[in-house]
Each structure stands twice: as structure tokens, then as C-alpha cells.
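Novice: One structure is given below, represented as C-alpha cells, and several questions about it will come after.
In this note's numbering, the protein residues as written are 54 to 203.
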């Protein structure tokens, strides 16, 4: 994070100061969540390796490990979007970041879902969500690219 000067801090409204405090608090909480998630991921992999139960070709192992990895990636992306708010002084989180986080969450769900135990309608809904989020991300990205070109 970039350091805010006293002049910049004093120029902020009360709400903007509150917003900055919330973002910093959330950043700390997310950092703790990432550390705990990484600890659990490493512990799970090491325990499985030592116990001889780690088989990356086993579907259940793959689901567990990559589900945990995606949890960390989602938390990191959320943290990055908060850092953008503090560094660039945007009042709101960028729409692209929110869409990307939602897309990552749906992809994580696809990875951890047991395809044999879930009804086809749920898979269709998840697929539609990925398609819709992908289209919205493309539209927002395209709009942002056009605005930057001006």
C-alpha cells in the first residue's frame, strides 16, 4: 500500500476516512484468512504425502486440493481489489474485480462438486452462471479498453 500523507488524509471526508479504515481492516482480516487457508492447504498436502494417501489422479484428492487452492486465489483476488481501492482512491471496488471474483467462485464450485451426485439442472445453472459472468466481464473489459483509448 502507498503511504497517505497528512494533507491527503485531512482532505478526506469523514465517510472517506471511514471507508479507508474499513478497507484496511478487511485487508488485515483477509490476510489472516489467506494465511490460515495456506496453512490448512500445506498441512493437508504434507499429511497426505507422509501418509501415502496423496494421489493427484484420484478425483477426490484433486477436488480437495484444488478447492483449497481456489479458496486462497479467491481471497487473494479480493484482497487485491481492496488494495486498488486504497492505492487509487477509488470509492468503490471495480466491477471487473467483482465479476472476476464471482467467476472464480463458480469455477471453484465446478471443481469441488461431485458430478455423479448432483442433478444435471444444478450443473446447467452453474454453466449458465459462468457464461453470463464471462459475457459481462468481456463487455466491461471491452468498455474499459475503449474508454482508455480516448
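For glycine and all other residues, C-beta sits at the position ideal for the given N, C-alpha and C.
Could you give the distance in angstroms between the alpha-carbon of residue 108 and the alpha-carbon of residue 162?
Specialist: 21 Å
Novice: Beta-carbon within less than 7 Å of residue 155's beta-carbon, same chain only, minus the 5 sequence neighbours each way: which residues are those?
Specialist: 186
Novice: At the level of alpha carbons, what is the spacing between residue 122 and residue 96?
Specialist: The alpha-carbon atoms of residue 122 and residue 96 are separated by roughly 13 Å.
Novice: Tell me whether residue 180 is buried or exposed, calling it buried when 16 or more other Cβ atoms sit within 10 Å of its Cβ.
Specialist: exposed
Novice: How many angstroms separate the CA atom of residue 58 from the CA atom of residue 76?
Specialist: Rounded to the nearest angstrom, the two C-alpha atoms are 17 Å apart.
Novice: Can you give me the Cβ contacts of residue 145 inside the same chain, cut-off strictly under 7 Å, excluding the 5 residues immediately before and after it?
Specialist: Confidence at residue 145 is low in this model, with a pLDDT of 48, below 50, so its placement is unreliable and the value that follows should be read with caution. So no residue of the chain qualifies.
Novice: Taking 8 Å as the threshold, find out whether the segment 124 to 131 comes into contact with the segment 78 to 91 through three or more Cβ pairs.
Specialist: yes
Novice: Can residue 119 and residue 164 be called in contact, C-beta distance under 8 Å?
Specialist: yes
Novice: What are the boundary residues of the alpha helix (DSSP H) that residue 91 is part of?
Specialist: Start and end: 67 to 104.
Novice: Confirm, please, whether the CB-CB distance from residue 157 to residue 130 is below 8 Å.
Specialist: yes
Novice: Would a C-beta distance cut-off of 8 Å place residue 193 and residue 159 closer than the cut-off?
Specialist: Not a contact, by the Cβ cut-off of 8 Å.
Novice: Could you tell me the distance, in whole angstroms, from the CA atom of residue 102 to the CA atom of residue 91?
Specialist: 16 Å
Novice: Can you give me the start and stop residues for the alpha helix (DSSP H) that residue 156 sits inside?
Specialist: 148 to 165
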